[in-house]
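Quick note: the sequence shown uses numbering that gives the first Met the number 0, first residue 0, plus one each step.
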Amino acid sequence: MGQVRAMHRFARISATKVRPFADLVRGMTASEGLDSLKYIPNRGARFLEKVIKSAMANAEDKGARNVEGLKITEARVDGGPMFKRIQPRARGMAYTIRRRMSHIHVAIEAPELP
Numbered sequence: 000m001g002q003v004r005a006m007h008r009f010a011r012i013s014a015t016k017v018r019p020f021a022d023l024v025r026g027m028t029a030s031e032g033l034d035s036l037k038y039i040p041n042r043g044a045r046f047l048e049k050v051i052k053s054a055m056a057n058a059e060d061k062g063a064r065n066v067e068g069l070k071i072t073e074a075r076v077d078g079g080p081m082f083k084r085i086q087p088r089a090r091g092m093a094y095t096i097r098r099r100m101s102h103i104h105v106a107i108e109a110p111e112l113p
């Protein structure tokens, strides 16, 4: 089976807000990763939790056993596209507001079934 993947593309959160939590859970088992994210009061942790749960469900759907014990091999957060908006400022200037998106990728190592 190899790796089982899940992703949340075009998540309406900046990649820099989610990336520290991806670094935190990389290399942990799926249940350890969820437990460590459960008590972090940040919105980025909630996004990553959902993607990990989705990867676990994908592994279970493909027939993997002991889904909680599978190792998170890849947790990556890439920048996505931006909504660009204009904020009027003093003396006729305009500042660009970038509403950022991100792509959250999680891969779980699932052993081959005999």
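Virtual Cβ for every residue (Gly too), placed ideally from N, Cα, C.
Given the structure is predicted, the values throughout are model-derived calculations rather than measurements.
- Nearest to S53 by alpha-carbon distance, out of E67, T95, F82, R88, is E67.
- By the neighbour-count definition (other C-beta atoms within 10 Å, threshold 16), M55 is a buried residue.
- Closest by C-alpha distance to T72, out of Y38, F9, H104, S13, is H104.
- The beta carbon of S101 sits closer than 7 Å to the beta carbons of A10, I12, S13, A14, V17, V76, D77, G78, G79 from its chain, once the five residues preceding and following it are set aside; these are given in chain order.
- The three-state reading of DSSP puts I96 in strand, counting E and B together.
- Distance from the CA atom of R88 to the CA atom of D22, rounded to whole angstroms, is 38 Å.
- Note on geometry: alpha-carbon atoms of A109 and N65 lie some 10 Å from one another.
- Judged by beta-carbon spacing, I107 lies within the 8 Å limit of K70, meaning their Cβ atoms are closer than that value.
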